[in-house]
Structure formats: structure tokens, C-alpha cells
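Asker: Dumping the structure here so I can ask a few things about it.
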Ligand SMILES: [Zn+2]
């Protein structure tokens, strides 16, 4: 681009998206005189899903604003918690985020996920059709225009990913109410009603408490339960209050 020059300042939390030369304050940036600020910010490497307020010479403007020569632009990250208007809060995760999907479900958060990658166009279309916030570490996917809403997942560590999403969106938590395998809702169950679905040893040793209304998977307090309880307890301790949706 070789038009009007502006000065661009990215908020510190957005600088990881930009090349090193753009990670400073007031970086001289050429525009083409016709592109929106949203386009300029995306060209700097920052997905618009991560952008909150935009200030031009100190005044807030929309992403459609076309910057003029000599203006100083400040780009802020999203507010946390971030409100997503237009639908109940629910998520769609890309194929690389299976562990995060299961942990969100464990906490009762609606988290759609496919083990087989449906491809970027299908994910974006589903996000729009079901009004789901698309979670991904793929910036190209988050740039697709048709998505309902999206969020970049900043870490590749599942513990940090969970804290990132819970802190960013503050979803209501309802542990042990959703199937971690299929995202269906759980209903109460007892050994007698599901006994034919259990191994004999399981039936003797464990206390059945729930069954998925969709895939009929049975849940009991088994060998992995203490690890899951730790995840639930830590999430409730840090994020159990203040949930609003
Ligand atoms: Zn299920």
C-alpha cells in the first residue's frame, strides 16, 4: 500500500499477531486511502475477533472507518468478560481443540466439536447457522466473514485454554450436566435402569449417576473422577461467580 500514512499502535496483548517490526508504539503504516480500518488492522496480522475499541486521534470509530493521512490509530483488545449479543452463549471448536471441548462440556458449557475436521467453510457456516462462537488457533479461519462470532485461543495448553475461554466469556457453569463425549444433556440415572450397559465389575464397584439423553453413554463415579473433580473445583473457585448467561 502506498497512500496516506498513519501511525498504528496495537495493544500489548495483540502484538503477538504482528510481525516484530509492528510491535512498537506509533508504527508508521501506509494505507491505500480507501480501505477501512478493519482491513488495515487485519493486514497488520490481527484477527478482528480479537479487536475491541478503535481510537483515531483519541475518538472511538467503527471498523468501517477509513483513516486519513497523519491520523494516529490505537487498537485495543476485547473487553473481558466479552458480551456476545444475539444468542445464548454457545461455542463451536475446531478439530485441534478436542480437550478444551471436553472440559467445557464437563463444566456444562455448550461446546460443539467434531472429531473429524469438517473443513473451514463448514465450520464457518455452522457458526453462523447455530449462532455459535467459533474457537480456534487458526487466524485464517477466524477471518472468514460468515462466522457468527469468533475467538482466538491463545495457548496450546488445555489448562490455560480453559482459563482463557472462561475468563473471556464468563459462561454460566453447571458441572456434571452435559455429556463430555457428544455435548448432549445428562439426565439422572441409577444402576437398575442402565445395568445392561455396564461391565459386571463396573456395576459392582461404582455409583452410577447419569446418562446422556442423546448418545446414552452412562456416567459413574469411576477411576478418573478425582482428576475431573479437580478441574471442576478449580474452575468453580475462579469462575463460578459472576457468570451472567
Ligand atoms: Zn452423549
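Residue numbers (my numbering): 2 to 246. For glycine and all other residues, C-beta sits at the position ideal for the given N, C-alpha and C. Since the structure is predicted, the reported quantities are computational estimates derived from the model, not experimental observations.
1. Does the distance from the CB of residue 60 to the CB of residue 88 come in under 8 Å?
2. May I ask whether a heavy atom of ligand 1 can be found less than 7 Å away from the beta carbon of residue 215?
3. Flag this pair as touching only if the segment 31-51 and the segment 90-103 have three or more C-beta atom pairs under 8 Å; answer yes or no.
4. Evaluate residue 253 with the Cβ neighbour count: other Cβ atoms within 10 Å of its Cβ, from every protein chain shown; 16 or more gives buried, anything less gives exposed.
5. Identify whether residue 232 lies in helix, strand or coil by the three-state DSSP scheme.
6. Report the option in 70, 54 and 53 whose CA atom is closest to the CA atom of residue 6.
7. Find out if the Cβ-Cβ distance for the pair residue 145, residue 125 is shorter than 8 Å.
8. With a Cβ-Cβ cutoff of 8 Å, do residue 148 and residue 136 count as a contact?
9. For residue 169, which option in 222, 92 and 19 has the closest C-alpha, if you only look at C-alpha atoms?
10. What does a CB cutoff of less than 7 Å around residue 77 pick up in its chain, not counting 5 residues either side in sequence?
Answerer: In this structure, then:
1. As a first step, residue 60 must be located in the chain shown, where it is residue number 59. As a first step, residue 88 must be located in the chain shown, where it is residue number 87. Going by C-beta atoms, residue 60 is not nearer than 8 Å to residue 88.
2. For this step, residue 215 is matched to residue 214 along the chain shown. Because some heavy atom of ligand 1 lies under 7 Å away, the Cβ of residue 215 counts as near it: yes.
3. At 8 Å Cβ cutoff, the stretches do not touch.
4. Residue numbering for the chain in the displayed model covers 2 to 246; residue 253 lies beyond these limits and cannot be assessed.
5. As a working note, residue 232 is residue 231 in the chain shown. Residue state, collapsed to three classes: helix.
6. To locate residue 6, count along the chain shown from 1; it is residue 5. Check the Cα spacing between residue 6 and each of 70, 54 and 53: the tightest is with 70.
7. As a first step, residue 145 is located in the chain shown; it is residue number 144 there, counting from the start. As a first step, residue 125 is located in the chain shown; it is residue number 124 there, counting from the start. Going by C-beta atoms, residue 145 is nearer than 8 Å to residue 125.
8. Against the chain shown, residue 148 aligns to sequence position 147. Against the chain shown, residue 136 aligns to sequence position 135. No, the pair does not count as a contact, with Cβ atoms beyond the cut-off.
9. On the chain shown, residue 169 is found 168 positions in, with the first residue counted as 1. For the residues 222, 92 and 19, the minimum Cα distance to residue 169 belongs to 92.
10. Position 76 of the chain shown, counted from the first residue, corresponds to residue 77. Only 12, 53 and 54 meet the Cβ criterion.
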